[in-house]
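Taking the numbering used here, the leading residue of the sequence shown gets 154, the next gets one more, and so forth.
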Amino acid sequence: MKKILKMGLVQILIGLILITVLSSTVKSARADIAPPGPPTSPNPEPEFETMVRMVSETVIMEIDADSPYDEGLVHVSAEFTMRNLGENEEEMLVRFPLDLAPGGWTNYCSSPSPFGSSFSNKITNFYAWINDYPVPTYQTTHSFDFEFELGKITKIVIPCWENFTVKFPPQEDVHITVTYDAYPYTESGSGLYDYSYVLETGRGWYDTIGTAEIIIQFPYSLDEFNYSRPYPPDYTISNNQIKWYFENLEPDHESNISASVFPPSLWQRVLMETQKTQDNPNDGEAWGRLGKAYKEGIRGRRGFRSDPEDLQLYLRSKEAYQQAIQLLPFDADWHYGYSELLCEYAEWGHDTLEDWKACINELKQTLELNPNHEKGLIKAYEMAEYFPDKLSINEGELDYLILTPQTLPTITATTSIATPTTIPTQVPSLTPTQAITITTQPPTATAISPTPSIIPDQENTAETHPALPWFTLALLPVIGLFIIWLIIKMKNVNR
């Protein structure tokens, strides 16, 4: 029993120490898992083991300048030179995988129930030529039953391969050309479009890939703001192209090509509206549309991104909105658009007091200009629910708390003493024109109430003593338990 008690106290002591240490280091983080992406662009692969080598390939992925924002279509043209290094003719099915995600294969074609997929074929308009002659192609698919709703079974058909037959005479070159349309993967949480080309499916051919050149071509010039993270890193930039070049490549997963880009249709809108503001600096509508285009490009489905380039894009959006509301001060829509930018940026962890104030102030101006502004009202109710220390609703009236000056009374001591006089921690009630009872918790340390000062009765007559750090206070019970453990141990020794 004594041994058990001793071990129990030691375990409690260790546990409390760990809790104290961890509570000083653990921070909250925003994170989420990303769902599988739709197909991207693949290399062809043989049906079985072969003596045919891919001598060279050239792939051009041309981003469609006119594709809508929610599509981001890319036209792919690929030319392959194949050579049969064996002594016998080979005839086989050449297959293009259709069931792909960025960087490699998914398991849709082999999985009985691939939860989370859109189940749609994202490689379309596929055509093939052999030695400049068109050839017929056909798809092979995988089908299964999937229960989207309880008791409701739906048959799902997933395209797996695009197939066509090719003959490879010995020691001769065969030229294969394919064209098709593909769609980007919209990376979860980033707002970026991922364009990729999968080289690893070419590893089934004989030997290495002799040479490979992959080009992603944009409808505008590239700069540090409209693309990011090309992979592999040995790429080159030439005006409106990202290029990769390989020799004697043994393709694997690390060889696969990808680049994340600002949504192309939005970047074209940025260029167009920028030109309009340069032609007419007093065009408030153009400034507003420019701010909106930047905003839509940098916001992700789960918040604003935070790399340095995106900070610059945020500042550009902010400046454009400021120009819009300066030129069109009575336009509620542009006030709301600016409020949305500021609020979302603050909500997702980039918050500063000034941004929060500007966010709420622009929302306030929106509803003053148009009390029935639908988006403004929805945003106000959302803010009241999630940020009640900044905006609240009392008896149907909006109270913009963060914009309300909150002054603290100064307490003057009646007699001179050596210790400083402290100001009460209770914040006095707000006194608006209408009586309001606030039932929410007081603002946290980031609220707008100014930090009270300690005012001694006589200047420089009292020494201030800082409060004990929180971790010191947390260790007090631990020290007490440790003393108890020592006493028990000493008693055991005495016995």
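Even glycine gets a Cβ: it sits at the ideal position worked out from N, Cα and C.
Check: Please classify Ile369 as buried or exposed, where buried requires at least 16 other C-beta atoms within 10 Å of its C-beta.; Outcome: buried
Check: CB Phe279 to CB Glu232, shorter than 7 Å?; Outcome: no
Check: Which residue's Cα is closest to the Cα of Met204: Gly225, Tyr336, Arg356 and Lys305?; Outcome: Arg356
Check: Which one of Asp484, Cys496 and Lys308 has the shortest CA to CA distance from Leu520?; Outcome: Asp484
Check: Using 8 Å as the Cβ pair cut-off and three pairs as the minimum, do the region 400 to 418 and the region 359 to 366 touch?; Outcome: yes
Check: I'd like the ranges of any alpha helix (DSSP H) spanning at least 4 consecutive residues and lying wholly in the region 299 to 336.; Outcome: none
Check: Find the nearest neighbour of Pro385 within the set Phe378, Leu375 and Lys396, judged by alpha-carbon distance.; Outcome: Lys396
Check: Give every residue of the same chain whose Cβ lies closer than 7 Å to the Cβ of Tyr388, excluding the five residues on either side of it in the sequence, and list them in chain order.; Outcome: Ile395, Lys396 and Trp397
Check: Going by DSSP in three states, Tyr467 sits in which element: helix, strand or coil?; Outcome: helix
Check: Given a cut-off of 7 Å, decide if Leu251 and Pro312 are closer than it, judged by their beta-carbon atoms.; Outcome: yes
Check: Relative to the alpha-carbon of Asp360, which residue among Met235, Leu246 and Tyr534 has its alpha-carbon at the smallest distance?; Outcome: Met235
Check: Can at least three beta-carbon pairs, one atom from the region 289 to 300 and one from the region 209 to 229, be found at a separation below 8 Å?; Outcome: no
Check: Which complete beta strand (DSSP E) runs does the region 489 to 566 hold, if anything under 3 residues is left out?; Outcome: 545 to 547 and 550 to 552
Check: Report all residues from its chain with a CB closer than 7 Å to the CB of Glu426; omit the five preceding and five following residues, and keep chain order.; Outcome: Ala439, Arg442, Leu443 and Ala446
Check: What would DSSP say about Pro383, mapped onto helix, strand or coil?; Outcome: strand
Check: For Tyr489, collect the residues of the same chain with a Cβ closer than 8 Å to its Cβ; drop the 5 residues on either side in sequence, then sort them by chain order.; Outcome: Glu515, Leu516, Thr519, His526, Lys528, Gly529 and Lys532
Check: Would you decide whether Gly344 is buried or exposed? Buried here means 16 or more other CB atoms lie within 10 Å of its CB.; Outcome: buried
Check: Would you say Glu449 lies against chain D (beta-carbon separation less than 7 Å)?; Outcome: Looking at the structure shown, chain D is missing, and only one protein chain is on hand.
Check: Does the ligand FMN have a heavy atom nearer than 6 Å to the CB of Asn392?; Outcome: Ligands displayed in this structure: none; no statement on the ligand FMN is therefore possible.
Check: What are the boundary residues of the alpha helix (DSSP H) that Tyr447 is part of?; Outcome: Gly437 to Ile451
Check: How close, in whole Å, do the beta carbons of Glu242 and Pro323 come, if the pair is a contact with beta carbons under 8 Å?; Outcome: 6 Å
Check: To the nearest angstrom, report how far apart Ile636 and Asp460 are at their CA atoms.; Outcome: 50 Å
Check: Can you give me the Cβ contacts of Arg452 inside the same chain, cut-off strictly under 6 Å, excluding the 5 residues immediately before and after it?; Outcome: Gly344
Check: Taking the straight line between their C-alpha atoms, what separation do you get for Arg422 and Asp376?; Outcome: 16 Å
Check: Taking the beta strand (DSSP E) that Trp397 belongs to, which residues open and close that run?; Outcome: Gln394 to Leu402
Check: Determine the burial state of Ser418: buried for a count of at least 16 other Cβ atoms within 10 Å of its Cβ, exposed for fewer.; Outcome: buried
Check: Note down, in chain order, each residue of its chain lying with its Cβ closer than 6 Å to the Cβ of Tyr553, except the 5 sequence neighbours on either side.; Outcome: Ile513, Lys517 and Leu544
Check: Excluding the five sequence neighbours on either side, which residues of its own chain have a C-beta within less than 6 Å of the C-beta of Phe399, listed in chain order?; Outcome: Ala365
Check: Have a look at the DSSP bridge pairing and note the partners of Phe297.; Outcome: Ile309
Check: Considering only the beta carbon of each residue, do Leu494 and Gly437 sit closer than 7 Å?; Outcome: no
Check: For the candidate residues Val247, Phe321 and Leu226, whose alpha-carbon lies nearest to that of Ala127?; Outcome: Residue 127 lies beyond the stretch modelled for the chain, which goes from 154 to 648, so this question has no answer here.
Check: Spatial neighbours of Ala473 within its chain, please: CB distance less than 6 Å, with the 5 preceding and 5 following residues excluded, ordered by chain position.; Outcome: Trp440, Leu443 and Gly444
Check: Among Pro416, Ala511, Gly450 and Glu535, which has the Cα closest to the Cα of Ala649?; Outcome: With the chain represented from 154 up to 648, any question about residue 649 goes unanswered, as that position is not in the structure.
Check: Compare the C-alpha of Val310 against each of Phe299, Val319 and Phe317 and name the closest.; Outcome: Phe299
Check: Mark Thr430 as exposed unless 16 or more other C-beta atoms lie within 10 angstroms of its C-beta, in which case mark it buried.; Outcome: buried
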